[in-house]
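Quick note: the sequence shown uses our numbering, first residue 69, plus one each step.
Cβ coordinates follow ideal geometry from the N, Cα and C atoms, glycine included.
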Amino acid sequence: MQEKHGIEIQIETQPHRPTEDGLLEIYLARQEMPDLMVGHVNDFADLPAGYLCEHFRALPGRFPLREELVEAGFTDPRGYFNPFVIIPFSIFYNQDLLAEKDLPRRWEDLLEPRWRQQILMPDEYRMVSKIVRTFMEAHYPDRFVDFNANVQHQGAPIDVVNKVDEGLYPLGITNIAFARISRNKHTRLLWPQDGTFCMPQVMVWSKKADERLLEIGDFLLSQPVQEYLALQSFIPASPEVALPPLWAEHKLHLRWEGWEHYLRVIKGAKA
């Protein structure tokens, strides 16, 4: 952007630890917004009524989505949230510890007593854990205590994969880029009958942003970037890039109920 337009770009990274203030909180305190926000939409759910339309730019149709994602309801009808990739959160298991007949088939199966302290997830403050916990509580409020009793939280996503791979736990949950591979190859992915929980990654522009900054969105949806994301088994938003083989084989079965539902569930969750 600097070479082409003479625009100097400053990139700020969102903190992840619970002791740190989020960037959106910092900007709200300053009563200003960055020109472009790239990442998850969770903080937007807690904005005051009318704040989104007052300060951010609606761009319906500016960044086309692949047909499968349009059909699944990932188009923001208001045009503020422009997805560039979808990150699935996968259940995986140690195939030496669990026979086919014993596998959970649906997310609700993870609430059964047989999984007491048998499901490993990353630290509670990490995004995969926050999203999965938030949506499990929303879908199964009367039995969420059972999910809490069944889950252990330890370390980063790669630590979860390694411990399930080593046979210390039969089940794990983390994002698919980690869950799909393991050092000793003792793990396999599960494909829940009710779909895989996921999190869109989006681009949101401030109303004060220079028009030329929209080219950053074109870059994030460009073939090299989208192919890189697809190599992680994330779901590329661009219609010009093929689905990862894993998702083509499993027909992109995601547990997604639209933007209104997603924002309502995560509101106040501090995910």
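Top-ranked residue by Cα proximity to residue i, from the options
i	options	result
Pro-268	Lys-198, Phe-152 and Glu-308	Phe-152
Trp-259	Phe-160, Glu-71, Asn-110 and Leu-137	Phe-160
Pro-156	Ile-199, Arg-85, Arg-184 and Asn-230	Ile-199
Pro-181	Gln-163, Asn-216, Pro-190 and Leu-282	Asn-216
Pro-102	Pro-304, Ala-277, Val-333 and Ile-334	Ala-277
Gly-326	Pro-313, Ala-140, Gln-261 and Asp-214	Ala-140
Gln-70	Arg-280, Ile-154, Glu-328 and Arg-256	Arg-280
Phe-124	Arg-134, Leu-133 and Phe-112	Phe-112
Thr-255	Tyr-148, Ile-226, Ile-303 and Val-106	Ile-226
Val-219	Val-229, Pro-190, Phe-203 and Ile-244	Pro-190
Buried or exposed by the 16-neighbour rule on C-beta atoms within 10 Å, applied to residue i
i	result
Ile-79	exposed
Phe-242	The question names Phe, but residue 242 in the sequence shown is Thr. Thr-242 is buried by the Cβ-count criterion.
Thr-143	buried
Pro-209	exposed
Asn-294	Looking at the sequence itself, residue 294 is Gln, so the reference to Asn does not match. With 16 or more other Cβ atoms within 10 Å, it is buried.
Leu-299	exposed
Asp-233	buried
Val-213	exposed
Arg-201	buried
Trp-175	buried
Ala-339	With a pLDDT of 42 at Ala-339, under the threshold of 50, the modelled position of that residue is not reliable, and the figure given next carries that caveat. Answer is buried; the Cβ neighbour count reaches 16.
Val-138	exposed
Unbroken alpha helix (DSSP H) run spanning residue i, endpoints
i	result
Trp-273	Note, Trp-273: premise wrong, no alpha helix (DSSP H); beta strand (DSSP E) at 266–273.
Asp-313	One point to set straight first is that residue 313 is Pro, not Asp, in the sequence displayed. Start and end: 313–317.
Pro-292	291–299
Thr-202	195–207
Span separating the alpha-carbon of residue i from that of residue j
i	j	result
Phe-265	Leu-331	14 Å
Trp-324	Ile-284	27 Å
Lys-275	Gly-129	17 Å
Ser-197	Glu-205	12 Å
His-318	His-73	43 Å
Integer-rounded CB distance, given that residue j should sit under 8 Å from residue i
i	j	result
His-321	Gly-263	5 Å
Leu-289	Ser-301	Rounded, the Cβ-Cβ distance is 18 Å, inconsistent with contact.
Leu-239	Trp-183	7 Å
Arg-194	His-84	7 Å
Ile-187	Leu-178	6 Å
Ser-158	Leu-311	That pair is no contact at about 16 Å.
Leu-127	Gly-147	5 Å
Endpoints, the beta strand (DSSP E) within which residue i is located
i	result
Leu-104	104–107
Gln-220	219–221
Val-153	150–162
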